[in-house]
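Novice:
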Amino acid sequence: MRHVICMVSDFFYPNLGGVESHIFTLSQCLIKLGHKVVVITHSYGNRVGVRYMTNGLKVYYLPVKTMHDQVVLPTLFASLSIFRNIFIRECIEIVHGHSAFSTLAHEGILIARLLGLKAVFTDHSLNGFADVSAILTNKLLEITLSGINHCICVSHTGKENTVLRAKVPANYVSVIPNATDTTLFKPDVSRRDKDKSMLSFIVNTISDKFLKNGIYIPVTIVALSRLVYRKGIDLLASVIPIICKKYPKVISRSSRLLLFGIMQIVYQVHFLIGGDGPKRIVLEQVREKEALHERVSLLGALDQSEVHETLLQGHIFLNTSLTEAYCIAIVEAAACGLQVVSTKVGGIPEVLPPDMIRMAQPNVNAIVSALDDAIDSHLKGTCMSPSACHQFIHRTYNWLDIATRTQLVYDNVKKQPNSSVGKLLRRYRTCGPVAGPFFVLIFTICHILLQFFEWLYPRHLIDIAPDYNG
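Numbering (my numbering), first residue to last: 2 to 471.
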C-alpha cells in the first residue's frame, strides 16, 4: 500500500541533531520502499522555499522566523493557509509530526486533522512534570495527541513517559527505536590518535617526574553532544580534571621491556569534545584552571561528515546526559567500535547490551569509576572487538527495518475511519476544565477559517505537484 506522507518538524537539515537525522534517513528509506515523502520545516537563514534533496525528497522551508532554540513562535491561524495549500498540492494522506518541542509539528497535526487527514506523532525525548515549562509542554502534547491516529516512541521508557504526561492510551503508542547508517559509521583502529602517530610512540621525556625512553600510549575519550545542561556538561566538567590527574599512569618496568631499552609505559588520557552550546564556557574554564590545553580539545560544532572522523580517533565514548529517551550518539559510537560509558538515565539501558556499555549513576564518582573500568578493559584488551560491535549495530539498528515497522503503523492508520470535526472537538474538550474549552474555541475558529479558505481559494484551483521521477 503506497502512502503519501508529510514529515513536519522545526528540526531539520541544515540544523544537526538526532531528530534531524531521524527524519531525513527515515524519509529516504520510505522513498526506497515506494512511498512519497515531503518535509515541512521553517527557514534556515537564506534557505527559504522549496528545495530538493537526495532521491527527490522535497522540503518546504516556510518563511517563518524562529523564536528560541530553532523553534518558531506559535501562530496556528497564520499558518493555516500555507499548510492547507501544501497538503492539497502534494495530495498528502498522512501527516507525521516529530518532537514534542516542535511548534510546527503540533500545528501541522492539528490542521491536518481538521482537514480530515490521518496523523502520526513521534516523541523523541523525555520530559518532566514539575516545572512550568514541562507543565505547559505536557498540556500542549496532551491536546495534540488526543486527536491523532497513532503515536510512536523511540524507547519503552519514552512510551511510559508519554503515556503519563499526555494521558494517551498505551495501545495507541508503539515503540520503534532510532537506527544508524552503519555504512557511514565503520570502525578503523588505524585512525585512532592519527596526530600522535598511531597508538604509541617513543618519547624522550614526558615530564620531569617520568624517566626517559618510555613508551607513551594515549587513550582518547570522545564526547559529542550539544553543550547544554540536560546533556550533563557540568558532570563532564567535573570528571575531566579527575581523570586527567589519574592518567598519566605509569606501568612498572619489567625485564622484558628492558631488553628493548624501554624503561616504562605511560598511559595518558586525552578528551575530544565536539559540540557547541551555552555550557561550553564551563568546559573552557576547567581547561584553563587545570592547564589541560594539550589534553582537552574543544572542537566546537561539527558537520555531520566530521562526526565519523572524530569518533574514529577515540577509544572510549562518554555520554553524561541527565535525561535521554534513546541517545543515537552511543549507537554511532558503538558502530565505530568504541567502548561506551554512559549515565544510566531514561531509555539508555535499552539501547546496548551490558558487554558493550558501562552504566553509571549521574554523579561524578560513579562516572569516574566506570571510566576506570573502561580504560582498564581497553589496556588489557578484554573489551569487545570493534568489528563485533559494528556487526551487532548493523544487525540490530537497521534503518530499513525501522522504516518497515513505521510503514506498518501507516498501514494501520490508513485503515482507521475518518473522524468528524465534531468528534475531534469532543476529544479536545476532555483535555481539562480550562484548556479543553479554550482549545475547542481555537479549533472552531480554525475550522471556520478553513471553510472560508475553501470558498476563497477552492482546492480545485490549487495545482497538483507532479511526483519526482528520478
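Heads up, the beta-carbon is just placed ideally off N, CA and C, and yes, glycines get one too.
Do Glu143 and Lys119 have their C-beta atoms within less than 8 Å of each other?
Specialist: The answer is no: Cβ separation not under 8 Å.
Novice: Whose CA, out of Ala79, Ser100, Ser82 and Ile93, lies closest to the CA of His23?
Specialist: Looking at the Cα atoms, Ser100 is the closest of the given residues.
Novice: Who pairs with Asn470 in a beta bridge, going by DSSP?
Specialist: Paired residue(s): none; Asn470 is not in a bridge.
Novice: Excluding the 5 residues flanking Ile93 on each side, which residues of the same chain have their C-beta closer than 8 Å to its C-beta?
Specialist: If we look at Ile93 and ignore the five residues flanking it on each side, its Cβ neighbours are Val5, Ile6, Cys7, Val39, Ile87, Ala113 and Leu118.
Novice: Count the other C-beta atoms from every protein chain shown that fall within 10 angstroms of the C-beta of Leu401, then say buried if there are 16 or more, exposed otherwise.
Specialist: Exposed, because fewer than 16 other Cβ atoms sit within 10 Å of the Cβ of Leu401.
Novice: Taking all protein chains shown into account, do 16 or more other C-beta atoms lie within 10 angstroms of the C-beta of Tyr429, making it buried, or fewer, making it exposed?
Specialist: It is buried - the Cβ of Tyr429 has at least 16 other Cβ atoms within 10 Å.
Novice: Roughly how many angstroms lie between the CA atoms of Leu450 and Gly35, to the nearest whole one?
Specialist: The alpha-carbon atoms of Leu450 and Gly35 are separated by roughly 35 Å.
Novice: By the three-class DSSP mapping on this structure, what secondary structure does Arg296 have?
Specialist: Here Arg296 sits in coil by DSSP.
Novice: Run through DSSP, which three-state label would Ser343 get?
Specialist: In this structure, Ser343 counts as strand in the three-state DSSP scheme.
Novice: What residue range is occupied by the uninterrupted beta strand (DSSP E) comprising Cys337?
Specialist: Where Cys337 is concerned, there is no enclosing beta strand (DSSP E), given that its DSSP letter is neither H nor E.
Novice: For Asp11 and His43, which I take to be in contact (beta-carbon distance under 8 Å), what is that distance rounded to the nearest angstrom?
Specialist: That pair is a contact at about 6 Å.
Novice: Could you check what DSSP says for Ala404 in three-state terms: helix, strand or coil?
Specialist: If DSSP states are grouped into helix, strand and coil, Ala404 belongs with the helices.
Novice: Kindly identify the DSSP beta-bridge partner or partners of Ser175.
Specialist: DSSP lists Ile153 as partners of Ser175.
Novice: Short check: CB of Gly423 to CB of Thr431, under 8 Å?
Specialist: No.
Novice: Assuming the contact rule is C-beta atoms closer than 8 Å, Ser226 and Ala330 should be a hit. Round their C-beta distance to whole Å, please.
Specialist: Between Ala330 and Ser226 the Cβ distance is about 6 Å, and since that is below 8 Å, they are a contact.
Novice: Taking the continuous alpha helix (DSSP H) assigned at Asn47, which residues delimit it?
Specialist: Unbroken run through Asn47: none, as it is neither H nor E.
Novice: Where does His107 fall in DSSP's three states?
Specialist: In the structure shown, His107 sits in a helix (DSSP, three-state: H, G or I).
Novice: Whole angstroms is fine: what's the gap from Pro178's alpha carbon to Val352's?
Specialist: Computed Cα separation, rounded: 9 Å.
Novice: Per DSSP, what kind of secondary structure is Ala167 in: helix, strand or coil?
Specialist: In the structure shown, Ala167 sits in a helix (DSSP, three-state: H, G or I).
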